[in-house]
Each structure stands twice: as C-alpha cells, then as structure tokens.
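Below: the structure, in structure tokens.
2 protein chains.
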Amino acid sequence: MEIADQVIATCRKARDASRALALAGTEVKNEALRGAAAALRRETEALLAANREDRDRARRQGVSPAFLDRLSLSRERIEAMAQGIEQVMNLPDPVGEVMKKWQRPNGLIISQVRVPIGVVAVIYESRPNVTADAAALCLKSGNAVILRGGSEAFSTNKLIAGLVAEAASLAGLPPACVQLLESTEREAVKVMLQQSDSIDVVIPRGGESLIRTVTEESTIPVIQHFSGICTIYVDRAADEDMAEAIVVNAKTQRPGVCNAVENLLVHRAVAERFLPRVAKRLADLGVELRGCPRARQLAPGMTPASEEDWDTEYLDLILSVKVVDSMEEAVDFIARHGSGLADGIVTADEEAAVRFAERVDSAAVFVNASTRFTDGYEFGFGAEVGISTNRLHARGPMGLAELTTYKYVVKGSGQVRE
Amino acid sequence: MEIADQVIATCRKARDASRALALAGTEVKNEALRGAAAALRRETEALLAANREDRDRARRQGVSPAFLDRLSLSRERIEAMAQGIEQVMNLPDPVGEVMKKWQRPNGLIISQVRVPIGVVAVIYESRPNVTADAAALCLKSGNAVILRGGSEAFSTNKLIAGLVAEAASLAGLPPACVQLLESTEREAVKVMLQQSDSIDVVIPRGGESLIRTVTEESTIPVIQHFSGICTIYVDRAADEDMAEAIVVNAKTQRPGVCNAVENLLVHRAVAERFLPRVAKRLADLGVELRGCPRARQLAPGMTPASEEDWDTEYLDLILSVKVVDSMEEAVDFIARHGSGLADGIVTADEEAAVRFAERVDSAAVFVNASTRFTDGYEFGFGAEVGISTNRLHARGPMGLAELTTYKYVVKGSGQVRE
C-alpha cells in the first residue's frame, strides 16, 4: 500500500473507533487501562529487547548520550510507565459531566455536557514513555489516539502501543482506539496533518521546530506546547526572604523545564539590599548571572547581559537580572520578552499584586509563589497532557478535562420557534 | 508601501491596541459602543452614499439581485445596525469573571479568570452589517479586531469601521481596536493568515469555499462556521402532533439557514400514520419531499431521493424523508450524513431520548424541540458571533464568552516547589 493510503486508512479507523470509545463506560475504559499496565509489566523483557534494537540503531547513527538516555527504557522506567497508566485509571472520568444547565423562558432546558474531542493525534520525540502516557490519557478521556513518536524509538513505541491496543481490545473496545503511525517517513506525517475529516486535534510535544513545522503543515487545529521564558518581578514591597526563596526555587529546583525562571526583575528601591544577597545565594548554587549595568554595579560578579539574554530560554543554571524603576516597567518587560507561559510578582502590597495579575497576560500569573507550580499535577488536575501555550481551547496546564469538548442537549416539550 | 508590509503593520497595530483594550473597564467599552451607534445614525447619509458607490460598482460587474440585496444598506438597516451595537453594549461584560477558584493543600489559591482572546480577525462576505456586529462583539469582549469584508462592500465597510474606530478613540481607546484591512487584494488575506504572532484567532463567516480556503492558508487557529445538515428523527414513541409541529417549524420557519432541518427520519412503526399527514401539511406549505422507496409508498407525491440527497444542505423548501427500522439506524444515519451541527428526536420515551442524546455527536441535540433553536439568542447568550462547527474552544452557538479565554492567577504566601 502507498504510504498515503496507509495513513488515510489509519485515520479512518481511528474515527470509527472513536465513536465506540466515546460511548464506553468508565469501567470498560478502566479495565483497558488496568490491562495495559499489566501487559507492560508482563512484557518487560520484550520491551527491553525492542528498546535495545532502537538504541543500537540510534547509536550507529551517532546520536548524543543525552538523546540515548531519553530513548532508553529500563525495568524502572517500564514500571513507572505502568504506574502512570494506573494513576490515570484512578482519575475521575471527565466524560458525561454536566458543566452547566439552565432553563429558558420558553421552558427549554439546556445542558452543556462534556464529551470527548474525538480523535487526537500526538506527535512527539524520543521518549517512549509518552506513548503510554498519551495513550492512557486519551483512552480515559474517551478519545481515539494516533501516535507518531520519533523514528529512533519506533520498535519500542510499536510494542507499547500494541500492548495498550490489545488491552483495549480485551476490554471490549476497538483496538484502533490506540494506533501508532506505521510509517516513519516524513510524508506520513504530512498526509496525516491533512486528514481534518478524521482527526480533530493535533498535539505536538517536543522542540520548537517540531511544533512550528506541524503548525505550518496542519489543516487540523494544533494545541501548541511552546516553551517558556518566565520572569519573576521582585516588587519594592517584597518580603526579601520570600523573594529569595522563590527565585532560588524557580531557577534551581529543575532548571531544564519550561516553568523555570529565566529573567529576574528587581525594583530599584530594594535592589541595593536584595540583589547582593540573592546573587550570592544563586552563585553558591552554581547559577551564572547576567546583569544589566545597574545590577552589575550592585552585585559584582555578574557577566553583562546582552539584549538577546532577555529573550532567551536558558533551560540551564543561568539567570538574567535587571533593575527596573517601576512595576509598569516590569509589566512592559514581560509583554515584550516573556512567552506568556508563567510570570510572577513577589510583593506584600495587595494592590500591586492585583494590578500585576491584571496586566500580565500569561497563562499563569503567580503572586508570592514559584513559577514552578505551573503544572497539571500541582494545579490538582491529577494528570498532565502538557502545558498549552495556545490561547484557544486550553491555556496553561492541560488535564483530562482539556481533552474534552462539550455538546448541548436541549430538552423541550414541543417548542417551536416563532 | 507593499501590500505585505501594510498588512503586517495593521496586524501589529492590532496587537498593541489589544493590550490597552484588554484592560479597559466596562464603562469605557460601553461608551465606545454608545458612540459608535450614535455615529452610524449621525452619518446615515454618508453611509448611504458610500453604499451607493459599492452597489453601482457591483451592478456594473453584473452580480445577482440576491447579492445586490445583501450588499444594500437602507435607513432601516442602518438603524438596525445601531440598535445591534446598543444591544451588545447592554450585555454583561465577560472579562474578569472568575470562572473557577480553588485552594490546593499547600495553600495556593488558584483562580481561573476570563480574559479576552487578544486579536481576532473576521473574514466575511457581502453583508456590511457584519462589520458593525463583529466590531461591537469584539470591542465588548475586549478583543482588537481586524475586519476583512467582501471587496464589493469596501466603501461601506471602510466607513462603518472608521466610525466605530473613531468612537473607540473618543472613549479613550486606541483606534486600532477596530481596523479594516485596507487592501482588497487576495494577497492581503494570504499575508494576514500568516501573522500568528499578531493574530490569535480567525473567524471566517461565509460560504464553505471561503472557510476551506481560510483553513488551508492559515497558520492561525480558525473557528469554522460550516453549514448544517440537520436531521429530525420521529421515534416510534413520538407524539405525532408534536412531531408534525416540530418538523414543519424546523423546515419552513426559515429554510435558508443552517439550523433548518434537511432530513426527516421516521420510525416504521409510526410511518404509516405519520408520514401521510406530515407530507400533506408540508406539501401545502410548498415543501418538495424527496423520499426513500418506503416513504414514497406511504405518502405518494414524493420524488425519489437519491443517495446524494441525504448529504445535501438544501437551504430551501426541500426535505428528504426516510423510513428507518430503529433508533440505532437513525443514529447511524446522522453519524454518516449529518454535519454535527444540530439534530433532534421526537419521542415520549425518556429512555430513547437519553440514548439518542448520548449517541448523537452534534453540537446541539434536541429532544422534542425544533432544531431552529440552535442560536445564540435562543440559548440566552444575548448576542451571536456565529455557530461554531469546530470541536475545540467553542462548539455550537458562540456568544461573548466564547470570544474569551482564561488565565490562572495563583496566589501564595511564599510557596516553593519541593
């Protein structure tokens, strides 16, 4: 079969499967997930063998050690995948929830009911655990999923997806609820991204270039997960101990993630006291500081920040530091340089907090807390599909509910329109 | 200036204006709308003159009388536009609403707050009233708008948009809150649809080919308003008087709109009694009936329905009629032939109603009511941006709330992540 025909067939099967899956009860979906977790554990040896195949091929292609690590499965990672699936199983089923209900003057009763989106395509890079994660989240929320992992992890992903599909089938669901795109050719993705009749949403997870390419080629709506340039502004009315703890946490607790802080702004009124202490503390923790001229005067040892620094997501132990004259300057800075993911203020001034939260247009705005809380688990969603940098449909941390849409059920007693 | 540069400049101005508009209070936005309505009334003569120019040009190009009618302004239509703006002014402001608020075990208080989407581009065809409508809805919901109407209505649209922008400016808002794309070249739209940094969402309003073209060319999310192939299923347990009233209403009250019914399915158990009476009533009202063989046997005078008929949006006094053996067959028919906009069942059987509402995957599912209620006003939204056939972000009737997104405001007392 031609690649295009194969992809189109896969997409159509997903659409058909999604109809049955949308109607499946919570127990059936949970049984599928329980079976999938058990299958991963049972097939640990086979998974390790498939993964070895992938790693050998990748090694021959000369990938980096970091890449190889992301690609690798171990017994522990397989167990973690199985546990991840069980966690999703234990979450409440979002489907069927009545989100709103009201009555019209003519007696019509309108209910807004949560339903699955339908068919979700997930395009991701080398980590094979995304295969299990995405499949579990989509199953639980009643969505058929088409997975397209990195070609380097093909054997591993194929086995994982196959085991989940088999478990779905044993629970009485169509196996096409979970499919891996069979071809690793670029053309296969291109064709998939045109199947707007069969696929409802595309979620690319990975680097910026992957997301840009998918967005450009897709005629299907894309939920983007761009990365984050987060800023923390230490206000003139900040509690300095709190500010220090928050900045240190946001920078060093896990520097390689999108909700870590990259830019620190300090109000000039507190800069003289605050900057030297925070600079010392960060330096002790191995953070390189890049400062504006005023910051460098107050806390020697910083390297000069270039204009580019304010727009850089370091994902590393580096922090840019700037002294500002007002909260307004901080807000403008964030509008110009931030990525709209997560930004914060540290202040004891209630009014300043309110103004900042109103004016900063980011998915999450923090008052006196670390930006690192921008996360589905930390928000209490129990699972995380990702952190959307879109403004439509879902913004910020996405849980199961964000994998659903709604329909209106309108009940009448014979009403007609005048 | 090159067309592309001009378009890019327009988009950037919209982005800048959106920042101020997002922060504008309800009173300021209402003052802008009040001023806009007054300006339309005050400039009635100028609007009629601009419209005359457009009509003369269109007439020379040989457009159809129906097209010319849609393009035409009259004193009454100008007054209706002004009143439409005032209605939007009187609606509650959606911006700032706290949609949800909860506390985490660590003390963080998370609020989900409604905010404007940002910059909305509306692409539409000949009716100039969309210019006023879309501008008012976007202003009220705090979104900057870029309008791109049909080239035939350019002079009229330019004047309307200019008057609204002037009113916004007099109220203290940036005039670039409301802009009309200055160029009527196709290239201008092409360039606009690539400005994903400046524009957050594109709403095309018009025929299917317009929507398809926009969707294919846009790298910005598109909210589609495809048309409707609506089906009503008359169940074996239907109250036949009610069923007749609903079918007649859904077909004849306004046949040219997307929520009018196009397919009628009748359970075989009631077909013998119900079909002749509804067929007679519809025929008396001038409706042409196209029936399946069984339907034609029971109610003579129908023309034969072809396979194509089940997939056709007539937007006219034509109705396809089919006898079905079960509700399941009706549900399958709707999945295969419907457009997912609005479908209904008439039944006195509660259980059948629930099963139908669960199984039919349409934006609106009606039980014992006319599909014609699929409408923002009828739903109680007070205004209508359109009826989304997307599954993401907004589904079905869109009011002001559907022109918003949200952000999370997270308040802490120094929390850091462990």
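Chain order of the listed sequences is A and B. Each residue of the first sequence is one higher than the one before, counting from 211 in the numbering used here. Each residue of the second sequence is one higher than the one before, counting from 211 in the numbering used here. All C-beta atoms, glycine included, are put in the ideal place defined by N, C-alpha and C.
C-beta neighbour in chain B for residue i, strict 7 Å
{"i": "A/T614", "result": "no"}
{"i": "A/K239", "result": "no"}
{"i": "A/H547", "result": "no"}
{"i": "A/N367", "result": "no"}
{"i": "A/I442", "result": "no"}
{"i": "A/S408", "result": "no"}
{"i": "A/L380", "result": "no"}
{"i": "A/S437", "result": "no"}
{"i": "A/K621", "result": "yes"}
{"i": "A/E560", "result": "no"}
{"i": "A/G606", "result": "yes"}
{"i": "A/R582", "result": "yes"}
For residue j and residue i, believed in contact at Cβ under 8 Å, the rounded distance
{"i": "A/T513", "j": "A/R500", "result": "5 Å"}
{"i": "A/R229", "j": "B/A545", "result": "7 Å"}
{"i": "A/T673", "j": "A/N469", "result": "Past the edges of chain A, shown from 211 to 628, lies residue 673 of chain A, and the structure says nothing about it."}
{"i": "A/S516", "j": "A/S437", "result": "So it is not a contact: roughly 20 Å between Cβ atoms."}
{"i": "A/A371", "j": "A/Q389", "result": "7 Å"}
Near the ligand MG: residue i beta-carbon under 6 Å from a heavy atom
{"i": "A/W312", "result": "Of the ligands one can find in the structure shown there are none, so the ligand MG has no counterpart to examine."}
Three-state secondary structure assigned by DSSP to residue i
{"i": "A/V411", "result": "strand"}
{"i": "A/A186", "result": "An answer regarding residue 186 of chain A cannot be provided, because it is not within the stretch 211 to 628 covered by chain A."}
{"i": "A/Q405", "result": "coil"}
{"i": "B/T429", "result": "coil"}
{"i": "B/I439", "result": "coil"}
{"i": "B/L602", "result": "coil"}
{"i": "B/Y616", "result": "strand"}
{"i": "B/I288", "result": "helix"}
{"i": "B/A470", "result": "coil"}
{"i": "B/P275", "result": "helix"}
{"i": "A/V444", "result": "strand"}
{"i": "A/S282", "result": "coil"}
{"i": "B/A540", "result": "helix"}
{"i": "A/L250", "result": "helix"}
{"i": "A/R483", "result": "helix"}
{"i": "B/A219", "result": "helix"}
{"i": "B/F591", "result": "coil"}
{"i": "A/N300", "result": "coil"}
{"i": "B/A363", "result": "helix"}
{"i": "B/L449", "result": "Sequence inspection shows Asp at residue 449 of chain B; the Leu mentioned does not correspond to that position. Reduced to three states, the DSSP call for B/D449 is coil."}
{"i": "B/E241", "result": "helix"}
{"i": "B/T557", "result": "coil"}
Those residues which DSSP pairs with residue i across a bridge
{"i": "B/K311", "result": "B/S321"}
{"i": "B/K621", "result": "A/V577 and B/I319"}
{"i": "B/V533", "result": "B/V476"}
{"i": "A/A552", "result": "A/A574"}
{"i": "B/T513", "result": "B/R500"}
{"i": "A/G596", "result": "A/M608"}
{"i": "A/Q389", "result": "A/I356"}
{"i": "A/Y334", "result": "A/R415"}
{"i": "B/V329", "result": "B/A354"}
{"i": "B/I528", "result": "B/E498"}
Min CB distance residue i to chain A below 7 Å
{"i": "B/H603", "result": "yes"}
{"i": "B/Q463", "result": "yes"}
{"i": "B/I370", "result": "no"}
{"i": "B/R314", "result": "yes"}
{"i": "B/L318", "result": "yes"}
{"i": "B/P431", "result": "yes"}
{"i": "B/Y618", "result": "yes"}
{"i": "B/A579", "result": "yes"}
{"i": "B/R565", "result": "no"}
{"i": "B/N459", "result": "yes"}
{"i": "B/T522", "result": "no"}
{"i": "B/T425", "result": "yes"}
Chain-ordered neighbours of residue i on chain D, where CB pairs are closer than 7 Å
{"i": "A/M452", "result": "Annotation note: the requested chain D is absent from the structure, which comprises protein chains A and B."}
Within the chosen definition, does the stretch 441-457 of chain B reach the stretch 407-415 of chain B through at least 3 CB pairs nearer than 8 Å? no
Just checking, does the stretch 425-437 of chain B make contact with the stretch 235-244 of chain B on the three C-beta pairs under 8 Å criterion? no
Specify whether the stretch 298-305 of chain A and the stretch 267-285 of chain A touch according to this definition: at least 3 beta carbon pairs, one from each stretch, less than 8 Å apart. no
Count Cβ pairs between the stretch 337-354 of chain A and the stretch 618-627 of chain B that sit closer than 8 Å; are there 3 or more? The answer is no - the stretch 618-627 of chain B does not touch the stretch 337-354 of chain A, with fewer than three Cβ pairs under 8 Å.
With a cut-off of 8 Å, do at least 3 Cβ pairs link the stretch 303-316 of chain A to the stretch 366-380 of chain A? no
Using 8 Å as the cut-off, can you tell me whether the stretch 565-575 of chain A makes contact with the stretch 595-614 of chain B, which would need three or more C-beta pairs spanning the two stretches below that distance? Between the stretch 565-575 of chain A and the stretch 595-614 of chain B, the count of C-beta pairs closer than 8 Å stays below three; the two stretches do not touch.
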